[in-house]
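See below for the structure under consideration.
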Amino acid sequence: MRYSAFSILSQALKGNTGWKPVWREPEPKAEYDVVIVGGGGHGLSTAYYLAKNHGLTNVAVVERGYIGSGNIGRNTTIIRSNYGEHGNIPFYEWSLKLWEGLEQDINYNAMVSQRGVLNLYHSDAQRDAAARRGNTMRMHGVDAELLDVEEVRKLVPNLNFDNARFPIYGGLFQPRGGTVRHDAVAWGYARAADTRGVDILQHCEVTGIRVENGHALGVETAKGFIKAKKIGLACAGRSSQVAAMAGLRLPIESHVLQAFVSEGVKPLIDTVITFGAGHFYISQSDKGGLVFGGNIDGYNSYAQRGNLPVIEEVMEEAVAMFPSIGRLRVLRHWGGLMDMSMDGSPIIDKTPIDNLYLNCGWCIGGFKATPASGWCFAHLIAQDASHEAAAAMRLDRFATGRLINESGTGAQPNLH
Ligand SMILES: Cc1cc2nc3c(=O)[nH]c(=O)nc-3n(C[C@H](O)[C@H](O)[C@H](O)COP(=O)(O)OP(=O)(O)OC[C@H]3O[C@@H](n4cnc5c(N)ncnc54)[C@H](O)[C@@H]3O)c2cc1C
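Our numbering puts the first residue of the sequence shown at 892, with every later residue one more than the last.
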């Protein structure tokens, strides 16, 4: 069923009785050409591009919970391509371009809103770093503007300019960055993949990966064994656990990242803002709630809720930056499992096991990568060769030293 102004009108006249389920609920087949483990944004987009770009439609996405229950439905919705490393910038910029055409491509309103992303700086040294990053972005054809404090004041007048503990010196602005409604991305890709024949198997946890003589043969699931010619792992925060089912030990740690939404208020912030004197960022959803977050909890965990020290830190930074929101009530708060890699950059690669492919290491920023990640992972699985945009995102870089160390902090996930 195609969505259009006409379909909305005709459904309105029929009392909205003719809408079809957005995807089917099929029983698993005995065998697929490709099984993708993990029905998050990356797994679903991979399935969609396998069908669309490579004509592979005998594909299943196997999800332990329901579609949207992982990080794809838990993130703070920011998209941007303000990266600084060669292995990352072209990839994230291409992903941003894919976002720009995504809604037409998948015929789904994902509320892509290019309202800009502003990274504040609070010292001369931070201004130099912002200028360097902005120049690197522009050399790669990415939009970037270095704003002084007066330009920032015009853009966001209610920031704390006058009595701030960390005075604002200016900001690096990417006008094409912004937000996308996160769960709509999962639903849109699920519907588009299903339309092309992909089976989406919800509540079907993978409990084992059958490997014989170095070949992956299929997955053990809550609904029985499913044979697969190829298996792609896209399990985000549970990547290490699932890869361990095939005997692999990944350079990944799982940490919780928390998010917060306030009660709705009138329009206050019409861009995305990050605080440079701590780890804090904020935007306003179309419903009016302020959406914000900060750093990961500093210990390994598989719990999807976080702890008080980070909550306190986030609230302190919120009020330091925007004193006027100090009396707002927080309505919702949750956590998601982050697959933190040791250089802060992702992995899209084959594994040492034949027919087993890996997509993980997205740290705190994989939502913005959803379209390009799926495109490149589908390419890898279908062609058995890396897509050029993801060529640097190799698993063996931690052994060879060819790291993509975006933040220069090394193996310290809490600093990425
Ligand atoms: C609070 C928070 C804020 C964030 N903010 C941003 C942001 O603003 N911008 C940004 O770019 N990124 C952000 N991120 C990161 C981003 O959400 C993730 O990097 C990205 O969503 C990960 O990819 P995914 O969507 O495929 O993950 P997920 O949606 O987590 O998908 C993985 C899926 O695998 C499934 N799975 C796991 N184990 C099994 C199994 N054994 N069998 C079957 N299925 C299994 C899980 O249930 C899950 O559904 C944020 C994350 C969080 C938690």
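Ideal placement from N, C-alpha and C gives every residue a C-beta, glycine not left out.
HIS1307, buried or exposed, once every other Cβ within 10 Å from all chains shown has been counted against 16: HIS1307 comes out buried.
ILE1272, enclosing alpha helix (DSSP H) - first and last residue: For ILE1272, the uninterrupted alpha helix (DSSP H) segment begins and ends at 1261-1274.
What is the DSSP secondary structure of ALA1022, reduced to helix, strand or coil? helix
Can you give the Cα-Cα distance for GLN1303 and ILE980, rounded to whole angstroms? 22 Å
Under 9 Å between C-beta atoms of SER972 and GLU954: no
When the Cα atoms are used, what is the spatial distance from ALA1022 to ARG1140? 39 Å
Can you round the beta-carbon distance between GLY934 and ALA1119 to whole angstroms, since I take them to be within the 8 Å contact cut? At roughly 14 Å, the Cβ-Cβ gap does not stay under 8 Å, so GLY934 and ALA1119 are not in contact.
Considering TYR983, what are the terminal residues of the beta strand (DSSP E) in which it resides? Counting along the chain, TYR983 falls outside any beta strand (DSSP E), though it belongs to the alpha helix (DSSP H) covering 980-997.
If the criterion is Cβ atoms closer than 9 Å, does the pair ILE1295 and ILE1187 meet it? No; because the gap between Cβ atoms is not below 9 Å, this pair is not in contact.
Quick check: what's the CA-CA separation for GLY1061 versus ALA1209? 18 Å
Inside the region 1000-1053 only - alpha helix (DSSP H) runs reaching at least 4 residues: 1015-1030, 1040-1046
Quick check on DSSP: helix, strand or coil for GLY1123? strand
If I follow the unbroken beta strand (DSSP E) through ARG1101, where does it start and stop? That run of the beta strand (DSSP E) goes 1097-1103.
Ligand 1 heavy atom lying under 8 Å from the CB of ASN973: no
Could you tell me if the beta carbon of LEU1159 falls within a distance shorter than 8 Å of some heavy atom in ligand 1? no
Pick from ALA903, THR1291, PHE1151, PRO917: whose alpha carbon is nearest that of CYS1095? PRO917
For LYS1114 and ILE1122, what's the separation of their Cα atoms in angstroms? The alpha-carbon separation between LYS1114 and ILE1122 amounts to approximately 17 Å.
One question on the structure: do ALA1260 and HIS1013 come within less than 9 Å of each other, judged by their Cβ atoms? no
Quick check: does the Cβ of GLU1103 come within less than 8 Å of any heavy atom belonging to ligand 1? no
In this structure, does DSSP put LYS1114 in helix, strand or coil? coil
Let me know if MET1284 comes out buried or exposed under the rule of 16 or more other beta-carbons within 10 Å of its beta-carbon. buried
Helix, strand or coil at ARG1072 according to DSSP, with G and I counted as helix: coil
Does the distance from the CB of THR1027 to the CB of GLY1068 come in under 9 Å? Taking 9 Å as the Cβ cut-off, THR1027 and GLY1068 do not qualify as a contacting pair.
To the nearest angstrom, report how far apart GLU1154 and ARG1006 are at their CA atoms. Roughly 21 Å separates the two Cα atoms.
How about HIS1073 and GLY1180: do their beta carbons lie closer than 9 Å? no
Cα-Cα separation between ASP1230 and ALA1127, rounded to whole angstroms: Each residue's alpha carbon lies about 5 Å from the other.
Does ligand 1 have even one heavy atom less than 8 Å from the beta-carbon of LYS1259? The answer is yes for LYS1259.
For the beta strand (DSSP E) holding ASN1344, just list the boundary residues, first then last. The displayed coordinates of the chain run from 892 to 1307. Any statement about residue 1344 would go beyond what the structure contains.
Can you list the alpha helix (DSSP H) stretches of 4 or more residues lying completely in the region 1184-1242, in chain order? 1199-1212
Per DSSP, what kind of secondary structure is LEU1181 in: helix, strand or coil? strand
VAL1133 in three-state terms, based on DSSP: helix
Confirm, please, whether the CB-CB distance from GLY1185 to VAL1205 is below 9 Å. Taking C-beta atoms as the reference points, VAL1205 and GLY1185 count as a pair closer than 9 Å.
Nearest-angstrom Cα distance between LEU900 and ALA1077? Straight-line spacing of the CA atoms in LEU900 and ALA1077 works out to 25 Å.
Would you call the CB atoms of ILE1238 and LEU1249 closer than 9 Å? yes
What's the C-alpha gap between PHE1166 and ASN1010? Their Cα atoms are separated by approximately 7 Å.
Whole-angstrom C-beta distance between SER1174 and THR1360, which should lie under 8 Å: The displayed coordinates of the chain run from 892 to 1307. Any statement about residue 1360 would go beyond what the structure contains.
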